[in-house]
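Notes follow once the structure below has been shown.
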DNA sequence: ATGCTGCTATGTCAAATGACAGGGTTTGTT
DNA sequence: AACAAACCCTGTCATTTGACATAGCAGCAT
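Laid out in structure tokens, this is it:
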């Protein structure tokens, strides 16, 4: 199993069990849909490398990006207990995923206490991330939202070793930023320019650069997040 | 343990284990803080009766209401794995909670596969609810958001037997609605009046009335949610 | 009665954000 | 070279939402 800095390793016997449980690795390229909203996926995944996004479509075409997923994240928890997907998952970079059969999910929770705890840990932290996103959408204006998102992404990049120099190399279009933050594309563009002029965040198509993380955090009214060791399933 | 319609019951031995695990019942009145953001609570809770809300404060006084909690919900998952609360929890009605020691949380996940699965189920559904809320905040305008929230609350009321006649008796101020939907109080007031005039939702201080649930769902671009049997921890 | 508190309502104006329309650049394809 | 497809950028104007100030109304204590 691939090593990834920032993620803890399991004991040998847990690793054995994982090895028997997993159904192999899958690879997707940027733009590929891993899950499609409304379908019943037979497999669940763990992200081993790459970045993805979780999106939700309304019937009239509006799209909301719910969150981004980094190495270590579990894809399909909701499908695991409900069957049908309420959102889609799409690759933002080349990704490699580790696949599990959905029907075995119950066994995982039941027979592997340690993994079950890790799963709970991941679920709790995903919830915390969504909470933060809700605070952004509800209370912060366009610029604050952008800075908050940029800080979040760079922080996750740092945690998972994807942003070694404090610069996250990740191609996200302004349209995607707009759909994540609930803003129009035009307003997103203007706000990004403003932040660039202010020297707070330099966000281009292919990279996010934050000159001063502390200053950015203060601007967006974020409390300093401490790095955490994420579990790996 | 109190019976609550819409929640499934456990087998006798699981009930025994729960009985030994729980530390007793607690009662709070409207306005009481069950958890305070930034503290490390020694207890976790299950909601047995009543309604609460989860809120998040920014240092400059802005407040975001994250979600509402109904009977069957688990309070403190994030504190269980992290220790420190990222949000506050406040009672909206008289509530009775079932308390567990936080230090025993690991035992619950480890030793009770069935309960561990239920916990995962609850976490997944809480995540889905937050997802829906994010879609509201990001993509829906003021009126759509309000209708979406009203439908969500009435649906949860129906599921948990709190809204027998399709009318949810629950006192929520316009200020709270505003803080939930990320709108100003004044705009919330005007939008509520508009919805009342349109006959879509009649939301007063003490009750939410939706004359035609299907129509309301269509207005807010919500897909019809099916009732689910929620687990009880 | 008086004042107080928390909540809902209204009027007026300002600021944030969205809609539409069009132009520019890069990249890849034929 | 010509074209097309994605992007990013800019100008102008409309709409949504927020800010501020004020009034009314019920409950409640003195």
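Chains as they are written, first to last, in the working numbering: chain A, 1 to 233; chain B, 234 to 466.
Ideal Cβ positions, reconstructed from N, Cα and C, are used throughout, including at glycine.
Since this is a predicted model, take the numbers as computed values, not measurements.
Where DSSP assigns a beta bridge to residue 208(A), which residues make up the other side?
In the first chain, counting from the first residue as 1, residue 208(A) sits at position 208. 168(A) and 203(A), per the DSSP bridge assignment.
Assign residue 269(B) to one of two classes, buried (16 or more other C-beta atoms within 10 Å of its C-beta) or exposed (fewer than that).
Here residue 269(B) is taken as the residue at index 36 of the second chain, counted from 1. Exposed is the call here.
Express the C-alpha separation of residue 19(A) and residue 54(A) in angstroms, rounding to a whole number.
In the first chain, the residue the question calls residue 54(A) occupies position 54. In the first chain, the residue the question calls residue 19(A) occupies position 19. One C-alpha to the other measures close to 27 Å.
Do you know offhand how far residue 341(B)'s Cα is from residue 305(B)'s?
Here residue 341(B) corresponds to residue number 108 of the second chain, with the count starting at 1. Here residue 305(B) corresponds to residue number 72 of the second chain, with the count starting at 1. Distance between the alpha carbons of residue 341(B) and residue 305(B): 17 Å.
Going by C-alpha to C-alpha distance, which of 255(B), 379(B) and 401(B) sits closest to residue 423(B)?
The sequence position of residue 423(B) within the second chain is 190, counting from 1. Among 255(B), 379(B) and 401(B), the Cα nearest to that of residue 423(B) belongs to 379(B).
Indicate whether at least one CB of chain A lies closer than 8 Å to the CB of residue 454(B).
For the purposes of this step, residue 454(B) is taken as the residue at position 221 of the second chain. With 8 Å as the cut-off, residue 454(B) counts as an interface residue toward chain A.
By DSSP, does residue 286(B) sit in helix, in strand, or in coil?
Locating residue 286(B) in the second chain gives position 53, where the first residue counts as 1. Correct three-state label for residue 286(B): strand.
Give the secondary structure of residue 414(B) by DSSP, where H, G and I count as helix, E and B as strand, and everything else as coil.
Position 181 of the second chain, counted from the first residue, corresponds to residue 414(B). Residue 414(B) falls in the helix class under three-state DSSP.
Identify, in the order they occur along the chain, each residue of the same chain with its Cβ nearer than 8 Å to the Cβ of residue 173(A), setting aside the five sequence neighbours on each side.
Translated into the one-based positions of the first chain, residue 173(A) becomes position 173. Excluding positions up to five away in sequence, the list reads 205.
Residue 33(A): which of 91(A), 179(A) and 75(A) sits nearest, CA to CA?
Within the first chain, numbered from 1, the residue matching residue 33(A) stands at position 33. With distances taken between Cα atoms, residue 33(A) lies closest to 91(A).
Just the Cα atoms here: how many angstroms apart are residue 160(A) and residue 95(A)?
Working through the first chain from its first residue, we reach residue 160(A) at position 160. Working through the first chain from its first residue, we reach residue 95(A) at position 95. Those two C-alpha atoms are separated by around 14 Å.
Whose C-alpha, out of 358(B), 302(B), 384(B) and 308(B), is nearest the C-alpha of residue 428(B)?
For the purposes of this step, residue 428(B) is identified with residue 195 of the second chain, where counting begins at 1. Per the Cα distances, 384(B).
Let me know the secondary structure DSSP gives residue 48(A) once reduced to three states.
On the first chain, residue 48(A) is found 48 positions in, with the first residue counted as 1. Here residue 48(A) sits in strand by DSSP.
Taking the C-alpha atoms as reference points, what is the distance between residue 352(B) and residue 307(B)?
Here residue 352(B) refers to the residue found at position 119 when the second chain is read from its first residue. Here residue 307(B) refers to the residue found at position 74 when the second chain is read from its first residue. Computed Cα separation, rounded: 8 Å.
So which residues on chain A does residue 339(B) lean against when the C-beta distance must stay under 7 Å?
What you label residue 339(B) is simply residue 106 of the second chain in a count that begins at 1. Result: 117.
Check whether the Cβ atoms of residue 122(A) and residue 41(A) lie closer than 8 Å to each other.
Here residue 122(A) refers to the residue found at position 122 of the first chain. Here residue 41(A) refers to the residue found at position 41 of the first chain. In this structure, residue 41(A) does not lie closer than 8 Å to residue 122(A) by Cβ.
Would residue 136(A) and residue 148(A) be called neighbours here (beta carbons separated by less than 8 Å)?
Taking the first residue of the first chain as position 1, residue 136(A) is located at position 136. Taking the first residue of the first chain as position 1, residue 148(A) is located at position 148. Against a cut-off of 8 Å, the Cβ pair of residue 148(A) and residue 136(A) comes out as a contact.
Quick one: is residue 346(B) near chain A, going by C-beta distance under 8 Å?
Along the second chain, one-based indexing puts residue 346(B) at 113. Chain A, which has a Cβ nearer than 8 Å to the Cβ of residue 346(B), makes this yes.
Do residue 86(A) and residue 258(B) have their C-beta atoms within less than 8 Å of each other?
In the first chain, the residue the question calls residue 86(A) occupies position 86. In the second chain, the residue the question calls residue 258(B) occupies position 25. The answer is no: Cβ separation not under 8 Å.
Which same chain residues end up closer than 6 Å to residue 192(A) when comparing Cβ atoms and leaving out the 5 residues on each side of it in sequence?
On the first chain, position 192 is the one that residue 192(A) refers to. Once the five neighbours on either side are set aside, the close Cβ partners of residue 192(A) are 203.
So residue 305(B) contacts chain A; which residues on that side make the cut at Cβ distance below 9 Å?
Here residue 305(B) refers to the residue found at position 72 when the second chain is read from its first residue. Here the premise fails: no neighbours, minimum Cβ distance about 15 Å.
Smallest Cα separation from residue 105(A): which of 127(A), 43(A), 39(A) and 48(A)?
The residue labelled residue 105(A) in the question sits at position 105 within the first chain. For residue 105(A), the nearest C-alpha among the options comes from 43(A).
Please state the DSSP three-state secondary structure of residue 110(A).
For the purposes of this step, residue 110(A) is taken as the residue at position 110 of the first chain. Looking at residue 110(A) - three-state DSSP - the assignment turns out to be helix.
List the residues of chain A whose Cβ lies closer than 9 Å to the Cβ of residue 336(B), in chain order.
As a first step, residue 336(B) must be located in the second chain, where it is residue number 103. Within chain A, no residue comes near residue 336(B); the closest Cβ sits about 14 Å away, beyond 9 Å.
Label residue 359(B) either buried or exposed according to how many other C-beta atoms from any shown protein chain fall within 10 Å of its C-beta, with 16 as the threshold for buried.
To locate residue 359(B), count along the second chain from 1; it is residue 126. The residue in question, residue 359(B), is buried, as its Cβ has 16 or more Cβ neighbours within 10 Å.
Quick check: what's the CA-CA separation for residue 155(A) versus residue 344(B)?
What you label residue 155(A) is simply residue 155 of the first chain in a count that begins at 1. What you label residue 344(B) is simply residue 111 of the second chain in a count that begins at 1. Distance between the alpha carbons of residue 155(A) and residue 344(B) is about 35 Å.
Compare the C-beta of residue 361(B) against all C-beta atoms of chain A and say whether one is closer than 8 Å.
Stepping through the second chain from its first residue, residue 361(B) is reached at position 128. True, the Cβ-Cβ gap to chain A drops below 8 Å.
Here's a check: name, in chain order, each residue in its chain whose Cβ is nearer than 7 Å to the Cβ of residue 419(B), leaving out the five neighbours to either side.
Taking the first residue of the second chain as 1, we reach residue 419(B) at position 186. Correct list: empty, nothing qualifies.
What residues of chain B sit near residue 10(A), judged by a beta carbon separation below 9 Å?
Taking the first residue of the first chain as 1, we reach residue 10(A) at position 10. Here the premise fails: no neighbours, minimum Cβ distance about 15 Å.
Nearest chain A C-beta to residue 317(B) closer than 8 Å, yes or no?
Here residue 317(B) refers to the residue found at position 84 when the second chain is read from its first residue. Not an interface residue.
Is any heavy atom in the ligand MN found nearer than 7 Å to the beta carbon of residue 252(B)?
Only the bare structure without any ligand can be found here, which leaves the ligand MN out of the picture.
Apply the 10 Å Cβ neighbour rule to residue 260(B) and answer buried if 16 or more other Cβ atoms are within range, or exposed otherwise.
Residue 260(B) sits at position 27 when you count from the first residue of the second chain. Exposed, since its Cβ has fewer than 16 Cβ neighbours within 10 Å.
Would residue 447(B) pass as an interface residue toward chain A - the criterion being a Cβ-Cβ separation below 8 Å?
To locate residue 447(B), count along the second chain from 1; it is residue 214. Not one chain A Cβ lies under 8 Å of residue 447(B).
Closer than 7 Å, Cβ to Cβ, to anything on chain B: give me those residues from the stretch 129-146 of chain A, in chain order.
130, 131, 133, 134, 135, 137, 138 and 139
Please work out which residues of its chain come closer than 8 Å, Cβ to Cβ, to residue 256(B), disregarding the five sequence neighbours upstream and downstream, and give them in chain order.
Translated into the one-based positions of the second chain, residue 256(B) becomes position 23. 276, 332, 333 and 334, listed in sequence order.
Going by DSSP in three states, residue 449(B) sits in which element: helix, strand or coil?
Residue mapping note: residue 449(B) aligns to position 216 of the second chain, counting from 1. Looking at residue 449(B) - three-state DSSP - the assignment turns out to be helix.
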